[in-house]
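Numbering (the numbering used here), first residue to last: 71 to 310. The beta-carbon is built from N, C-alpha and C at its ideal position, and this holds for glycine as well.
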């Protein structure tokens, strides 16, 4: 399984570490998504933060709520910072290859998948979702393709569900990004057998002059039972 996108993400985010945290830590929409999930989860729930970065604000908010946090990130400096100030189990890992141990009650994938290929995200989320307990939550954050990608852009897949390697501005530079449409993100989750609990759409301005406003989408979905999950749609081959 390819790690090219994850390594590219490491090259971008590793040098930023605290600077990135400072620009994004006060995002009210991200915080609201996390708090909504906390309000649904039982005390002491075991949760996974994929692409946790420095641990702020997602892992820190979860830990402060008394949840048992596992955080993974490919950037060693960010993991070192998270370990120093957030209660939890933080480790350096490539999310494309990470194999979860045991069951989780919630999985947070918030802007950590954007540098990856669709096939890798498809496989990763399906694998992680299978580790969710009955009633468990998956929380996904992204910039929606609807707000950025023209209808005739060549980066669209054939189903017009996602755009891959689209140059989205990040920190003042083009960043090859995977974007699903708003409906495509919901359909991706419900096609596995999840039920959408909430969706938030808003525009966030990071606290850094180099950053452009972001059209953000946060979706929380619940696994209703222990029935086997179906592979999310579209399948990677459908978009070729």
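From the DSSP output, which residues share a beta bridge with residue i?
i	result
residue 264	None, per the DSSP bridge assignment.
residue 202	174
residue 210	179 and 289
Are the CB atoms of residue j and residue i within a distance shorter than 8 Å?
i	j	result
residue 154	residue 141	no
residue 186	residue 166	yes
residue 138	residue 115	yes
residue 212	residue 249	yes
residue 163	residue 122	no
residue 340	residue 300	Residue 340 cannot be examined here, being either before or after the span of the chain that is shown, 71 to 310.
residue 192	residue 283	no
residue 189	residue 111	no
residue 269	residue 294	no
residue 99	residue 286	yes
residue 132	residue 120	no
residue 93	residue 290	no
residue 174	residue 206	yes
residue 241	residue 280	yes
residue 126	residue 95	yes
residue 251	residue 216	yes
residue 247	residue 238	yes
residue 263	residue 297	yes
residue 219	residue 245	no
residue 292	residue 267	yes
residue 180	residue 124	no
residue 136	residue 113	yes
Got a sec, what are the start and stop residues for the beta strand (DSSP E) residue i sits in?
i	result
residue 119	116 to 120
What span of residues does the alpha helix (DSSP H) with residue i cover, start to end?
i	result
residue 109	98 to 110
residue 92	88 to 94
**Message:** Could you check whether the stretch 224 to 233 touches the stretch 243 to 255, counting it as contact only if at least three pairs of C-beta atoms, one from each stretch, sit closer than 8 Å?
**Reply:** yes
**Request:** Could you pull out every unbroken alpha helix (DSSP H) segment of at least 4 residues lying fully inside the stretch 132 to 189, listed in chain order?
**Result:** 146 to 155
**Request:** Would you list, in sequence order, the uninterrupted beta strand (DSSP E) runs of no fewer than 3 residues that lie entirely inside the stretch 233 to 300?
**Result:** 243 to 250, 265 to 274 and 284 to 292
**Message:** Under 8 Å: do the stretch 132 to 152 and the stretch 198 to 218 share three or more Cβ pairs, one atom per stretch?
**Reply:** no
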